[in-house]
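Peer 1: In my numbering, the protein residues as written are 8 to 282.
Even glycine gets a Cβ: it sits at the ideal position worked out from N, Cα and C.
Computed from a predicted model, the values in this text were never measured in an experiment.
1. By Cβ distance, which residues of its chain are closer than 6 Å to residue 87, with the 5 residues on each side in sequence left out?
2. If you follow the alpha helix (DSSP H) that residue 143 is in, where does it begin and where does it stop?
3. Excluding the five sequence neighbours on either side, which residues of its own chain have a C-beta within less than 6 Å of the C-beta of residue 51, listed in chain order?
4. List the whole-angstrom C-beta distance separating residue 121 from residue 207, where the pair is believed to meet the contact cut-off of C-beta under 8 Å.
5. Whose CA, out of 156, 191, 189 and 193, lies closest to the CA of residue 178?
6. According to DSSP, is residue 67 part of a helix, a strand, or is it coil?
7. If you reduce the DSSP assignment to three classes, tell me which class residue 18 lands in.
8. Near residue 75, which residues of its chain fall below 8 Å by C-beta distance, leaving aside the five closest residues on each side in sequence?
9. Do you know offhand how far residue 105's Cα is from residue 124's?
10. Kindly say whether residue 124, judged by its beta-carbon, lies nearer than 8 Å to any beta-carbon of chain B.
11. Could you give the distance in angstroms between the alpha-carbon of residue 176 and the alpha-carbon of residue 242?
12. Out of curiosity, what's the CA-to-CA distance linking residue 258 and residue 251?
13. When the Cα atoms are used, what is the spatial distance from residue 141 to residue 240?
14. Could you pull out every residue in the same chain whose Cβ sits closer than 8 Å to the Cβ of residue 36, ignoring the five residues on either side in sequence?
15. What would DSSP say about residue 78, mapped onto helix, strand or coil?
16. Counting only the same chain and skipping the five closest in sequence on each side, list residues whose C-beta sits under 7 Å from that of residue 24.
17. Determine, using beta carbons only, whether residue 126 and residue 72 come nearer to each other than 8 Å.
18. How big is the Cα-Cα spacing for residue 20 and residue 152?
19. What's the C-alpha gap between residue 238 and residue 110?
20. Consult DSSP for residue 195 and reduce its assignment to one of helix, strand or coil.
21. Please work out which residues of its chain come closer than 6 Å, Cβ to Cβ, to residue 212, disregarding the five sequence neighbours upstream and downstream, and give them in chain order.
22. Just to confirm the assignment, what range does the alpha helix (DSSP H) spanning residue 53 have?
23. If you compare alpha carbons, which of 56, 92 and 61 is closest to residue 29?
24. Considering Cα atoms alone, identify which of 47, 70 and 48 is closest to residue 57.
25. Tell me the DSSP bridge mates of residue 252?
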């Protein structure tokens, strides 16, 4: 894991999944901008069905996927896209497109689901959500990606947005605290909760998922479970065989893996013996 590296001044290459995500977000903003001119009422109705709203609950399950691509303003979108380009491309170049895609969608979908669950369960006691509460835009996910970058390269010196020059961990802390402070000051508590949940999911992804990604983790878990099942079956069969041979007046030796151990075997770990 790299802790120090070259100073990042120029923007990374504009390609891969990062480019596709930026183009989708830009096309979504342009579509809603045109729709808002043609039919403002329809634009607001469609947007309300695509942003993350906890009071709607499970019926609108697609919201956990669409909410990052519904922007509220042009200036916020531009800075969010610039940040996504900066940190997303860096992570994608370092870890690969598949790993970055799994991180992005695990963070956005997992964070949204966790935020909705917390809002519905704790909202009765803590004023988190409520009627009209929602979360949208790329900033919660971008901040989670920034935290992931700072987790991998905490002491890397960088110049962000051509203005801020500091270590990655300090930039991540400043941006996260400023964003949460603005959300709390403007009474957007659910958006602040969603941002925190996205950060938690990004942290869990880095802690649990190996470098090869979620697919590799799932396949390793499946094959490990299957191998444990067959080893258990072999041990049970070996015990039955041992009981049967004992009734015949013969004693056989079975190792912990369920393999037969002959009395004349010099190497008990030899796999060529009888199974």
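Peer 2: Well, looking at it:
1. Excluding its 5 nearest sequence neighbours in each direction, residue 87 has C-beta neighbours in its own chain below 6 Å: 145, 146 and 149, listed in chain order.
2. From DSSP, residue 143 is part of no alpha helix (DSSP H); its letter is neither H nor E.
3. None.
4. The C-beta distance from residue 121 to residue 207 rounds to 7 Å, short enough to fall under 8 Å.
5. In terms of Cα proximity to residue 178, the closest of 156, 191, 189 and 193 is 156.
6. In the structure shown, residue 67 sits in coil (DSSP, three-state: anything other than H, G, I, E or B).
7. Correct three-state label for residue 18: coil.
8. Answer for residue 75: 32, 115, 143, 144, 145, 147 and 148, listed in chain order.
9. Residue 105 and residue 124: Cα-Cα distance of roughly 28 Å.
10. Of the chains in the structure shown, none is chain B; there is only one protein chain.
11. Cα-Cα distance, rounded: 51 Å.
12. Between residue 258 and residue 251, the C-alpha separation is close to 10 Å.
13. Between residue 141 and residue 240, the C-alpha separation is close to 52 Å.
14. If we look at residue 36 and ignore the five residues flanking it on each side, its Cβ neighbours are 78, 81 and 84.
15. It is coil, neither helix nor strand.
16. Here the set comprises 99, 104, 107 and 108.
17. It is not a contact, given that the beta carbons lie outside the stated cut-off.
18. One Cα belongs to residue 20, the other to residue 152, and the distance between them is close to 17 Å.
19. Roughly 34 Å separates the two Cα atoms.
20. In the structure shown, the three-state DSSP call for residue 195 is coil.
21. Here the set comprises 110 and 113.
22. Unbroken alpha helix (DSSP H) run through residue 53: 47-57.
23. Check the Cα spacing between residue 29 and each of 56, 92 and 61: the tightest is with 92.
24. If you compare the alpha carbons of 47, 70 and 48 with that of residue 57, the shortest gap goes to 70.
25. Per DSSP, none; premise fails for residue 252.
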